[in-house]
Every structure is written in structure tokens, then in C-alpha cells.
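In order, the protein sequence lines correspond to chains A and B.
1 is the number of the first residue of the first sequence in this note's numbering; add one for each residue after it.
1001 is the number of the first residue of the second sequence in this note's numbering; add one for each residue after it.
A quick write-up on the structure given underneath.
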Amino acid sequence: MSPTPEQTHPVTVEERLFSLVLALIATQIGLTKTEILSTVQGYRQRFRVGGDNASLERQFERDKDDIRELGIPLETIESQGDPGSNHHLRYRIPKGLYDLPADISFSPDEIMLLKLAATVWREGSLSAESRRALTKLNSLGIDSTDPVIGYAPSLRAREASFEPLSKAMDRRQVVAFLYLKPGESSPRRRVIAPLAVVLHEGRWHLYGTDQDAGATRTFLLARIVGPVVTVPGLSAAPADDGQGQRALAELDALWQAQIAVITVEPGSDAAVRLSKRGGPGSAADSVELHYTDANILADELAGYGPEVFVLSPPALVDAVLARLRRVRDAHAPLPEMEIGR
Amino acid sequence: MSIKPAALGASDKLTFLLSLVPYLMDHDRVSVTAVADHFGVTPQRVRDAVNLIAMSGVPGETRQYLHGDLFDIQWDEFENNDNIVLTHLVAIDDSPRFSAREAAALIAGLQYLSALPENGDRDAIASLMAKLTRSSTGVPSQLAVSRTDADVTISVIQGAVRAGTQVEFDYLNSRGTAEHRCVDPLRIESVDNDWYLRGWCHLREAMRTFRLDRMSNLRSTEVPADSHDDGALLPDTLFEGSADDLTVTIELPAAALELLADYGPVPAGPATTDGLSRAQVRVSHFHGLKRLVAGLAGVVTVVDPGLARQTVADWAAAGAARYDSPAGPPAARDDEAVR
């Protein structure tokens, strides 16, 4: 295979994508796939007239996806006279949907706030999304006011399930995963149409429609075991705008309703930290803590060892005590160590 | 504020090209360095992008990418003076919209920032979020972050950072020792729900990180803070190891390693028990470790050294013992003789 004589320099991926965007914006009626492959920079060099262009066509399919991922409205128009035919599909990017709406503007204060908001994501795909959003904001040429000094807030989503779940949500895919509820010996498979992914009390939750139960459920990402897979053939109904807030409201209501009463050892780490988070209880040194999940609170309270004594509810007392005993027993002296003593 | 430089993919490069065009259109003559500053990129990246833009365009009537079908710049200005003057535009003349995920990332970031005292104006934040929603191609993904109530601690420290004064507070470290600290505050950092102050500790005469929820009796003072080169001394990671750190070997399921990411676990091969892995972590003393491990019952077990194992066992045993009698005996305190 020899390169066409016309090709003086290798066309980079960004040059090909840029040329494709320009060509599709410039056209009113749209371009057919053949027109694109034979004329647009980056494709035309590899196009064979009357030959097999299968790999070039696959390249175009991937490029279309990449362009749409960036929020560029690449449309497909069916031919009037020949509906359903792939050959006469036309592609274009309507300029009115591509351009930022004309009445949108941001003040220097807002730009400053958005820049800070973008730095919140330090890792994962949302960090890349934030970076690209900032680049687009910078194109407006608005200088931001001086940044708020002395802040470096950050959010992170370390759970491996975060990326696949949030992507599936965007693509309205139904997902399946194994979910291990505390107290159950083995994880159970769940099939969920994701509606929202929310951070509540420092933990990521998935809110979605359980396909078996036919009702919404909330899951802790930390309890998802193994990979999240998409379920072929099923797609989720478009989610309306309020799902994230609905999920948070449900978690807030749960948090409000559940109260643990503990006592804390005066002057201890538990006293300083937990007293700040909860309200004073009726008994001396007692603290009332709202919580969303008893097992998560039990993990945390067990970490304080003897500094915390749980008064109620009874299930929480049992959960904390069981954890402390388990840690104690798991750390019994090893046989070799006893010989050494 | 530092962000890890990520490898730039074609998506980033394309976004930059599409964003640079409307910016250049609005600026009749602009230097490469000014553009680099505004976009926060290297001057070379700007030059590369301008070179590419100036050679690009649409196939045109002839489908030959003729001169009039391409962007054009004043090449002399560009090559001799490092200035950019765009003289011909093709196809695009406006900023692109955000993708649904881009808007969602910023909206979730804004929700998180609304916990900060400066951003308490909910209406302003709500209007900004509405603007982002309207500026996005699709409905922004439903990614939401609950509002945490602003702690007064944050505003006191923030006021001191602005005024350039010291703060003082009582601080209980993880060994259970309370000390009065005077600190030149440099930066408030957070990871999810945990907030930290980083600053110069006059007691330790070193940079230190303090958890806000371990502070008591915080007040700002009139004492000017020393100059510390505007935080340049601050390392990127919240928790710095030191040469005196102790190495501890733990066993855990490999998937649980991410729970300990802050401690920089180093994998140390398979454990004797099936399905578990060994890893080594470095800790400054065993008192932080015992709290960590007791909070991860059934997940992490300390193997070595024996003293670390013993410290964890004693901590959990003392906690469990409180439930032996109905009244609960007095809690065991950190024994300073035990490391």
C-alpha cells in the first residue's frame, strides 16, 4: 500500500476531526458518507474511488461518536425519497445548535467561580470534562476576577463503578452489577436503569429504577462488587432534570429520620469530632447523630474504639460490638510471635 | 492550586481548536503569550494550533481546499513577531456549547462549592447552574452533590488567609494529645466531606496539615503571618511521609487497596490466606493505624510488626470491653507509654 501522492504530511487525528466539524457546519443540506470520505481532509487521502473503504467507514463512525461526546450536535438526516436507506443518509452540524446561545454571557465573578468549580475534579473522566468545559469558557475571552485565595476543594470518586455508571446514565443504558448488602453472605445481581449518581454525606450513591422491582432504589457505589456491565437490548427512559435532587431529598429524609445516641469520652478524638457533627443528647456526654446507613456509621464508630459507647438503637450497638470483637480476634497474637516472647 | 497535567488527547486538542477560533476572531491582534496565558497552555501549543487552523478549512465548491476555503492569518506577524491576526474565517465564528457531561461536571462542582462561605448566595449559584444547563447540547447528566453546611471554622480561617494573620486553636492529634497551635494559614483543602487547613505550624516550625474537625477554640489573631512564598512550599499530596515512618504489613482483599490510597500502599505479594493480598503502608505511629483498622473490620488485618498488631487488638478489645457491663466501664485512654 502506498500513500497517495497528494499526501504531503500525515494528517493528525485533531486535524481530521477539525476538518470534519468545519465541513459539516458549512453544509446546509448535509453531506453523504461518500462525499465526506472522498473530500474531507484526513479521509480523502485514504479514499479509494470504487474500492473497498470499509476501514475508512469504521474510522468515520468512531469520529462521529468522538465529536458527539464533545457536545457537538452532529445530525443524521434521512433522504426524503429513500427513507431507511443508509446510502443516502446525510450528515450535518446545524450551526444554531452548535453555537453557544447568543444571550448567554458570564460575569467575571461567574467565570472565577466556574474555574474553581472545574478544579474540584482532580481525577477521572470528570477532570477531563471540566478541563474541556474551561477551554470552551475561555473562548469567550472574559477575564475572571481574582481567584478566591486559599482554597483547594476537591471531590473524588474512587469507586471503580463510578465511571461506567455515570457513562451508562448519559447513554440511557441499563446496567447490571453484583451488589453485596451487609449481612448477606453473597452478592446479588441487580439490573438498574440509572437515573442519577449523587454524593451524599461523602459517599457516592446510584439512584435508579430496579428492573426487577419496577421501582426506584438507591445503591452505595462502595458495595458494588466487580464490573458494571451494560445490558444489551434495554434502554432507559429519558430522565427528567430533577432526578439528582430527588435522590438527594430521599437520602436527606432518611438521614433526618435515623438517629443514633452515643456517649463520647470527654477530651477524646471522638468527643471533638463527633460532637461537632451531632447535637447534644439528653444524658451527660451524650451525642445524637443522624445517619443514612447503620453499617457505615458502625464502621466509623468502631474506629473510635473505647472512646465511643453506643446507647441506641440496639441494632447499631450490636453492629459496633461485632466489629470491635472481630478486629480484636483477627489481631490475636500470631503463633510465631508467642515463641519470640 | 495544581492539577496533574494529563495527557492531552485528540478530544482536548479539537476542543482547543474550536475554542481558539472565536477568541482570535474577537481579538484583532493578540500575542501568542497572551493567548497562552488566557487559556493556561504553553505558547508552543498555541503556535501549533494556529499553524493547524491556518491550513484548515472546508473542501469548497471545487473540493480542493483552495485558498479562499481556508482560514488565513497574517503570516509575517505570526512568524516574525509572534502575534496572531486572523484575516479569514471559515464555517465557525462562535463558541461551542458544552456537552451534557461537561455541564454536569461544572454543575456538580458548583454544588460542592456552595458549602464555602463566600458562595452562600444560593440564588447566584442557581442562576449560574441554569445558564450552564441552557449552554449545553443535551440535558446535563444527573450528577448531584449534597450541600454541606458551611462550618464557621472555614470563614474564620479564610478571613485570616485574606488578612495575612495567624490563627490559633487547640488541636487533638491522632495520638490523643491536645496542644495549642499557632499557625500561618496558607490554604483550606478538602477531599469530599473532609476539610483541612495547611499552614506553617509555629510549634513544630514546619508545614503541617490539620483536620478542621479536630480543632477546638479556633480564633484569629492580630499577629501577622510570616511570608511563606505563597504556598509554593506546599507539596501536592495532603499527607507527606517522613524518614521516621514505620512500615506496617497488612492483609486485605486486593480490591480494598483503594480504601487506603491516602497511605500509599505498596503491594507486597499474595497473603497466605486465599484471595487476600499483602501490602505495606507507612505510618508515623500506630495510633492512627489502630483507628483506621478498627474502622475496617473484616477488611484489613495488620500482620507485622507485632507491636502494631497488638496496638490494634488492644484498641478493639478496650472498645468491646465497654459493652461487658451494662454501665460501661471508663474508657481506656491512649497510653502514652505505648507507641
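For each residue, glycine too, the CB sits at the ideal point set by N, CA and C.
Model, not experiment: these values are computed from the prediction.
- Here the C-alpha atom of Leu140/A lies approximately 22 Å from the C-alpha atom of Ala1010/B.
- At a cut-off of 9 Å between beta carbons, Glu1102/B contacts chain A.
- By the Cβ criterion, the stretch 19-29 of chain A is in contact with the stretch 1045-1058 of chain B, since at least three pairs of Cβ atoms, one from each stretch, lie closer than 8 Å.
- For Gly96/A, the enclosing alpha helix (DSSP H) begins and ends at Lys95 to Tyr98.
- For Val1183/B and Arg1219/B, the gap between their C-alpha atoms comes out near 11 Å.
- From the listed residues Asp1170/B, Thr1221/B, Asp1244/B and Leu1186/B, the smallest Cα separation to Asp1213/B is found for Asp1170/B.
- Contact between Leu1128/B and Glu110/A holds: their C-beta atoms lie close to 5 Å from each other, under 8 Å.
- Judged by DSSP secondary structure, Thr209/A falls within the beta strand (DSSP E) whose first and last residues are Arg203 to Asp210.
- The continuous beta strand (DSSP E) containing Ile1250/B extends over residues Leu1246 to Pro1253.
- Considered as a whole, the stretch 1046-1105 of chain B harbours 1086-1088 as its complete beta strand (DSSP E) runs of no fewer than 3 residues, in chain order.
- Any Cβ of chain A closer than 9 Å to the Cβ of Glu1258/B would place that residue at the interface, and such an atom is present.
- Here Pro194/A is not near Leu234/A, since their CB atoms are 9 Å or more apart.
- Each residue's CA atom was taken as its position, placing Asp252/A and Pro1043/B some 48 Å apart.
- Following the DSSP letters along the chain, one finds Gly1288/B inside the alpha helix (DSSP H) bounded by residues Phe1286 to Ala1294.
- Taking the beta carbon of Leu316/A as reference, no residue of chain B falls within 8 Å; the closest one sits roughly 12 Å away.
- Under the Cβ distance rule, Arg1219/B does not count among the residues neighbouring chain A, no pair being separated by less than 9 Å.
- Per DSSP, reduced to three states, the secondary structure at Arg1208/B is strand.
- In the DSSP assignment, His1180/B falls within the unbroken beta strand (DSSP E) covering Ala1178 to Val1191.
- Contact between Glu159/A and Trp121/A is ruled out by a C-beta separation of about 15 Å, above the 8 Å threshold.
- The beta carbon of Pro10/A sits no closer than 9 Å to any beta carbon of chain B.
- For His331/A, DSSP assigns no beta-bridge partner whatsoever.
- Looking at Glu1168/B, Ser1216/B and Asn1051/B, the one whose alpha-carbon comes closest to that of Trp1200/B is Glu1168/B.
- DSSP places Asn138/A in the helix class (H, G or I) of the three-state scheme.
- Using beta-carbon distances, Ser1227/B does not count as an interface residue toward chain A, since no partner is under 9 Å.
- Annotated three-state conformation of Ser38/A is helix, per DSSP.
- Our two residues, Ala1320/B and Ala1313/B, have alpha carbons roughly 10 Å apart in a direct line.
- Contact annotation: in the stretch 159-190 of chain A, residues whose CB is within less than 7 Å of a CB in chain B are Ser166, Met169 and Asp170.
- With 16 or more other Cβ atoms inside 10 Å of its own Cβ, Gln1142/B counts as buried.
- Scanning its chain for C-beta atoms nearer than 7 Å, with the 5 sequence neighbours on each side dropped, one finds around Gln1074/B the residues Val1085 and Thr1087, in chain order.
- Using a Cβ-Cβ cut-off of 9 Å, Glu14/A counts as an interface residue toward chain B, since at least one Cβ of chain B sits closer than that to its own.
- Cβ-Cβ separation between Ala1318/B and Gly305/A: approximately 6 Å, consistent with a contact (criterion under 8 Å).
- Taking C-beta separations shorter than 7 Å and ignoring five residues to either side along the sequence, the partners of Leu74/A in its chain run Leu24, Lys64, Ile67, Arg68, Tyr91 and Ile93, following chain order.
- Here the C-alpha atom of Pro153/A lies approximately 16 Å from the C-alpha atom of Gly124/A.
- Residue pairing by DSSP places Gln173/A opposite Ser235/A in a beta bridge.
- With 16 or more other CB atoms across the displayed protein chains lying within 10 angstroms of its CB, Glu201/A is buried.
- For Ser1155/B, same chain residues with a beta-carbon under 6 Å away, outside a window of 5 residues either side, are Pro1117 in chain order.
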